[in-house]
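Chains as they are written, first to last, in the working numbering: chain A, 3 to 92; chain B, 3 to 92. Every residue gets a Cβ at the ideal spot worked out from N, C-alpha and C, and that includes glycine. All figures in this text were calculated on a predicted structure; none of them were measured in a lab.
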């Protein structure tokens, strides 16, 4: 009898600071790029990228879990926003 | 007489650790997610996300600049890889 197995999902998550929030890391990168001669750089915003492999019954379940992870741990909802996509993986 | 102007480009850059490189930040996130009850999480890899607005004559110029920025400042080629996409912006 075939046994039902959960599928593995790969979530690619991008967490960014909200536009109104000051971004010292981005400013530092911008300064560094200018020093290196990249004078055409107008602005830099720094964020986080996280890849998670998780087990879930279906895509909706995986997306719900990742959404909860972002809310609870990965992003600070006061100053950050997040977006992600989920795809089947092995 | 219309004056030729450079166009603004938005580059979205993702910098990730190479697969063979140990990722303590990812492991810490994984531990945190398990503690929060997300037992289905198999692996976590942490990386950086950077958005740069730059001035360039055309898309090839913009891509060439961003590639050079990644090589020189944004990524450590010994342990990290990067990928990016460039699109026209205002």
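Could you name the residues of chain B that residue i contacts, counting a contact when the two beta carbons are closer than 9 Å?
i	result
residue 98 of chain A	Beyond the ends of chain A as shown, which are 3 and 92, falls residue 98 of chain A; an answer cannot be given.
residue 58 of chain A	42
residue 48 of chain A	50, 51, 52, 53
residue 19 of chain A	By Cβ distance, chain B contributes nothing, its closest Cβ being about 10 Å from residue 19 of chain A, past 9 Å.
If I'm right that residue i touches residue j with Cβ under 8 Å, what's the distance once you round it to whole angstroms?
i	j	result
residue 68 of chain B	residue 30 of chain B	At roughly 30 Å, the Cβ-Cβ gap does not stay under 8 Å, so residue 68 of chain B and residue 30 of chain B are not in contact.
residue 2 of chain A	residue 18 of chain A	Nothing about residue 2 of chain A can be read from this structure; chain A reaches only from 3 to 92.
residue 43 of chain B	residue 32 of chain B	6 Å
residue 48 of chain A	residue 16 of chain B	Wrong, their Cβ atoms sit about 12 Å apart, outside the cutoff.
Just the Cα atoms here: how many angstroms apart are residue i and residue j?
i	j	result
residue 50 of chain A	residue 86 of chain B	14 Å
residue 70 of chain A	residue 26 of chain A	28 Å
residue 55 of chain B	residue 91 of chain A	33 Å
residue 34 of chain A	residue 64 of chain B	18 Å
residue 76 of chain B	residue 61 of chain B	20 Å
residue 36 of chain B	residue 66 of chain B	41 Å
residue 78 of chain B	residue 28 of chain B	18 Å
residue 80 of chain A	residue 46 of chain A	21 Å
residue 74 of chain A	residue 38 of chain B	8 Å
residue 9 of chain B	residue 41 of chain A	14 Å
residue 11 of chain A	residue 59 of chain A	9 Å
residue 20 of chain A	residue 84 of chain A	9 Å
residue 89 of chain B	residue 24 of chain B	33 Å
residue 3 of chain A	residue 72 of chain A	Low confidence applies here, because residue 3 of chain A scores a pLDDT of 48, under 50, leaving its location unreliable; read the following figure in that light. Cα to Cα, residue 3 of chain A sits roughly 38 Å from residue 72 of chain A.
In the DSSP output, what is residue i paired with across the bridge?
i	result
residue 49 of chain A	A:18, B:51
residue 13 of chain B	B:54, B:88
residue 43 of chain B	A:56
For a contact defined as C-beta to C-beta under 7 Å, what are the partners of residue i on chain A?
i	result
residue 16 of chain B	51
By the criterion of Cβ-Cβ separation under 8 Å, what are the contact partners of residue i in chain B?
i	result
residue 67 of chain A	40, 42
Can you give me the start and stop residues for the alpha helix (DSSP H) that residue i sits inside?
i	result
residue 68 of chain B	61-71
residue 81 of chain A	Counting along the chain, residue 81 of chain A falls outside any alpha helix (DSSP H), and DSSP gives it neither H nor E.
residue 35 of chain A	26-37
Measuring only between beta-carbons, confirm whether residue i sits less than 7 Å from chain E.
i	result
residue 34 of chain B	Protein chains A and B are contained in the structure displayed, whereas chain E is not.
So with CB distances below 8 Å, who are the chain A contacts of residue i?
i	result
residue 75 of chain B	31, 34, 35, 38
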